[in-house]
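As structure tokens, the structure follows; a few thoughts come after it.
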Amino acid sequence: MGRTSNMTILKLVPESNPVLREPTSLVTDFGDSLQTIIDDMFETMYEVHGAGLAATQIGLDIRLAVIDVTSDQSQQLVLVNPEIIDTSGTQKMEMGCLSLPGYWAAIERSAWVKIRAQDRHGEFYEMEGEGILSEAFQHEIDHLDGVLFIDKLSGLKQKMVRQRAKKALKKHAQK
Ligand code: ZN
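In my numbering, the protein residues as written are 72 to 246.
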């Protein structure tokens, strides 16, 4: 996908926004407005150097996420109504979250997952992922279920992450 001038960088909602905490609604309309949202989500994700972005992070309570774990924007994955249908093994990888800037943590997750989702036109597909891709699938699908990765940390660590994120956001706002 080439960049065109009509793309928009979307605003990320703060971690305190309840939209990040609620399960999302299934996407049923694959029309123009969904296509625009998807394009803008990729643009936004690349702008902030993320590997994945869920619709909830931009304030939309719909079951949609975009992922690209490559460094050259060569594998754009659109996950509409995704579900994890199989898993195996465990791994712990350092990951951050665009909703909690400035913090990275290793969470125990499945080393391999298989997902079922729809593409941007509503076609169903299945895909397997391991390593960073497995991590991204689980992280983004968690978002669509109202779960943030810090939920899997201890209470003390969660507090620390929130304080750091708040500071990072403040810094960003002052620019
Ligand atoms: Zn995240």
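Positions of the beta carbon are idealized from the N, C-alpha and C atoms, including for glycine.
Note that the structure is predicted; figures quoted are calculated from it, not measured.
- For Q189, the beta-bridge partners assigned by DSSP are V151, F195.
- By the criterion of at least three beta-carbon pairs nearer than 8 Å, the stretch 227-240 is in contact with the stretch 165-175.
- Residue burial annotation: E206 is buried, with at least 16 other C-beta atoms found within 10 angstroms of its C-beta.
- For M112, the uninterrupted alpha helix (DSSP H) run begins and ends at 103-118, by DSSP.
- Counted as a single uninterrupted DSSP element, the stretch harbouring A207 is not any beta strand (DSSP E) but the alpha helix (DSSP H) occupying residues 203-215.
- Counting the other CB atoms within 10 Å of its CB gives L83 a total of 16 or more, which places it among the buried residues.
- Of all C-beta pairs linking the stretch 181-193 to the stretch 149-162, three or more are shorter than 8 Å, placing the two stretches in contact.
- Assignment of K163 by DSSP, reduced to helix, strand and coil, places it in the strand class.
- Counting C-beta pairs closer than 8 Å gives fewer than three between the stretch 218-229 and the stretch 129-148, which falls short of the contact rule.
- Taking 8 Å as the cut-off, the beta carbon of H210 is found closer than this to the beta carbon of G123.
- The three-state reading of DSSP puts G123 in strand, counting E and B together.
- Closest in C-alpha terms to I203, from the list F101, S96, V140, comes V140.
- Per the DSSP secondary-structure output, S145 pairs with nothing in a beta bridge.
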